[in-house]
Amino acid sequence: MPMYVSPPTCGVPACAYLAQNLNYNVPGGKLNRGISVVDSLQVLKGTALTEDEYQKSAILGWCVEFVSFVSSPPRWVLPS
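With the working numbering as the guide, the letters of the sequence shown map in order to residues 3 to 82.
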C-alpha cells in the first residue's frame with residue numbers, strides 16, 4: 003500500500019495514528035470536495051496549474067475533506 007502521508011516526526015502517538023488513518027481511509031474515496039478545490043482554482047485562474055499550485059490546492063482540498071468529515075454528525079445520530 004502506498005504512503006500518501008509521510009510518517010510523523012513529532013513523536014506523538016496521535017500524529018502516527020492520524021497518518022495511519024489518512025493512509026488507510028483517504029485513497030479510493032470519492033473526494034468530491036477535495037477535487038472541486040483543485041478544479042475551482044484552475045477555472046478561476048483560467049490556465050493550467052503549475053505543479054506547486056496543484057500541490058497546494060490538493061492539500062487544501064484534503065483539509066476541506068477532513069474538516070467536512072469531522073464536523074458532520076454520524077448518520078446514526080441524524081433523525082430519519
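We put the CB at the ideal spot given by N, CA and C, even for glycine.
Just so we're clear, the structure is a prediction, and the values are computed from it rather than from any experiment.
Q) Can you name the start and end residues of the alpha helix (DSSP H) that V14 belongs to? A) For the purposes of this step, residue 14 is identified with residue 12 of the sequence shown, where counting begins at 1. Unbroken run through V14: none, as it is neither H nor E.
Q. By Cβ distance, which residues of its chain are closer than 6 Å to Q44, with the 5 residues on each side in sequence left out?
A. As a first step, residue 44 is located in the sequence shown; it is residue number 42 there, counting from the start. Contacts found: L51.
Q.
Looking at the ligand NAD, does it come within less than 8 Å of S38, judged from the CB to the closest heavy atom?
A. Among the ligands in the structure shown, none appear at all, so the ligand NAD cannot be discussed.
Q.
Please return the same chain residues whose Cβ sits closer than 8 Å to the Cβ of L33, not counting the five positions on each side in sequence.
A. Position 31 of the sequence shown, counted from the first residue, corresponds to residue 33. Taken in chain order, the residues that qualify are G63, E67.
Q: Measuring alpha carbon to alpha carbon, tell me which of V14, S42, S70 ends up nearest K58.
A: Here the question's residue 58 lines up with position 56 in the sequence shown. Taking only the C-alpha atoms, the option nearest K58 is S42.
Q) Would K47 pass as a contact of E55 if the rule is Cβ separation under 9 Å? A) Here residue 47 corresponds to residue number 45 of the sequence shown, with the count starting at 1. Here residue 55 corresponds to residue number 53 of the sequence shown, with the count starting at 1. Cβ distance < 9 Å, so K47 and E55 count as in contact.
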